[in-house]
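Read in order, the letters of the sequence shown correspond to residues 6 to 151 in my numbering. Report on one structure; see the data block that follows.
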Amino acid sequence: MLIDKNNIPIVAMEFMNDVHGEDIDIINSLFELIVNYEQNPSEENKITFNQTYQEWIEHTMAHFQREEKMMEEKRFPPYPFHKGEHDRALEKMHDIFHTWEKTNDIGILKIYFIEELPLWLENHIKSMDTVTAIFFRTGLSPCAIH
Ligand SMILES: [Fe+2]
Ligand SMILES: [Fe+2]
Numbered sequence: 006m007l008i009d010k011n012n013i014p015i016v017a018m019e020f021m022n023d024v025h026g027e028d029i030d031i032i033n034s035l036f037e038l039i040v041n042y043e044q045n046p047s048e049e050n051k052i053t054f055n056q057t058y059q060e061w062i063e064h065t066m067a068h069f070q071r072e073e074k075m076m077e078e079k080r081f082p083p084y085p086f087h088k089g090e091h092d093r094a095l096e097k098m099h100d101i102f103h104t105w106e107k108t109n110d111i112g113i114l115k116i117y118f119i120e121e122l123p124l125w126l127e128n129h130i131k132s133m134d135t136v137t138a139i140f141f142r143t144g145l146s147p148c149a150i151h
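Below you can see the structure in the form of structure tokens.
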């Protein structure tokens, strides 16, 4: 298992915690598929990995869009910062996939999944998602606290 759910912070909105749990399940499955492919680089293993990766992108787009929609509806002041992190993360997910397709080098994915992704996810939930969930629940914006 790449990411232990117990290490991921809980935020003040249940729908966000639910989607984060689903995200971690997909990431853990993808990591297993990476290791499988490394041990047995068959066409079949590649197809399974690629399909699951596309499902992960779709799940992530829905995850981010739901948060963004609510931030817009509730007029969350630091919306552009939070959306900016989402956009950069999705761009990275696409870039890594295209590099993998071009090079067929599973090592690039493995490094990204070990060194970058868990840290990004934990930091994003700990910072952006945490303050956003508090705002959804209480109306308190971090911009108002000086
Ligand atoms: Fe989130
Ligand atoms: Fe977020």
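Every residue, glycine too, gets a C-beta built ideally from N, C-alpha and C.
Where E121 sits in the DSSP three-state scheme: Working through the sequence shown from its first residue, we reach residue 121 at position 116. Three-state DSSP puts E121 in a helix.
Which residue from D134, E72, I13 puts its Cα closest to that of I29? Translated into positions along the sequence shown, residue 29 becomes position 24. Comparing Cα-Cα distances from I29 to each of D134, E72, I13, the minimum goes to I13.
From F54 to H91, what does the alpha carbon distance come to, in whole angstroms? Translated into the one-based positions of the sequence shown, residue 54 becomes position 49. Translated into the one-based positions of the sequence shown, residue 91 becomes position 86. About 23 Å.
I116: buried (16+ other C-beta within 10 angstroms of its C-beta) or exposed? As a first step, residue 116 is located in the sequence shown; it is residue number 111 there, counting from the start. Exposed.
Hey, quick one: how far does the alpha helix (DSSP H) through P14 stretch, first residue to last? Translated into the one-based positions of the sequence shown, residue 14 becomes position 9. Note, P14: premise wrong, no alpha helix (DSSP H); not H, not E.
Helix, strand or coil for F69 per DSSP? For the purposes of this step, residue 69 is taken as residue 64 along the sequence shown, with counting starting at 1. Helix.
I'd like the list of long-range same chain contacts for I62, defined as Cβ closer than 8 Å, with 5 residues on each side in sequence excluded. Here residue 62 refers to the residue found at position 57 when the sequence shown is read from its first residue. L95, M98, H99, F102, listed in sequence order.
Should the segment 34-54 be called in touch with the segment 124-140, which here means at least 3 C-beta pairs below 8 Å? no
Going by DSSP in three states, L95 sits in which element: helix, strand or coil? Residue 95 sits at position 90 when you count from the first residue of the sequence shown. Helix.
Less than 6 Å between C-beta atoms, sequence neighbours within five positions excluded: which residues of the same chain meet that for K88? By 1-based counting over the sequence shown, the position of residue 88 is 83. Once the five neighbours on either side are set aside, the close Cβ partners of K88 are E73.
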